[in-house]
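Novice: Heads up: the sequence shown begins at 24 in our numbering, then just goes up one per residue. Don't be surprised by glycine CBs; every beta carbon is placed ideally from N, CA and C. These numbers come from a predicted model, not from an experiment.
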Amino acid sequence: MEKLKILFSLLIGVALITATSCDKDEDKDEDPPAEKKCYIKKELYDDGSYSTFEFNSAHKMILAKEFDDNGSSDGITELTYEGGI
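#1: Tell me where the beta strand (DSSP E) around S74 begins and ends.
#2: For G98, which residues in the same chain have their Cβ closer than 7 Å to its Cβ, ignoring the five residues on either side in sequence?
#3: DSSP puts T100 in a beta bridge; with which residues?
#4: List the whole-angstrom C-beta distance separating D92 from S72, where the pair is believed to meet the contact cut-off of C-beta under 8 Å.
#5: Measure the beta-carbon distance from F76 to L86 and round it to whole angstroms, keeping in mind my assumption that it falls under 8 Å.
#6: What's the gap between the Cα of K59 and the Cα of H82?
#7: Would you list the residues sitting across from E66 in a DSSP beta bridge?
#8: Give me, in chain order, the residues of the same chain whose beta-carbon lies closer than 7 Å to that of K64; leave out the 5 immediate sequence neighbours on both sides.
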């Protein structure tokens with residue numbers, strides 16, 4: 024009877040170790056979700072004027088336009104990048 028208790032205890036121990044040793048991580052083969060990028064397209068100011076911004080495919084700002092409170096153009100800034108910057 025004593026051997027049966029020891030055998031039963033060993034079987035339960037092996038079962039518990041086996042159950043907890045399984046890898047529960049999700050598949051690592053899937054690509055991570057694409058990183059979402061957010062850009063400021065328009066900035067409003069307290070006096071009613073505003074600026075708009077445009078970005079290129081490399082996610083760099085290429086154009087900033089300023090407008091007065093009536094919506095008339097107040098200036099344009101064009102940005103260029105050289106040397107891999």
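Specialist: So, from the data block:
#1: Y73 to F78
#2: Correct list, in chain order: E89.
#3: A87
#4: 5 Å
#5: 7 Å
#6: 12 Å
#7: S74
#8: T75 and F76
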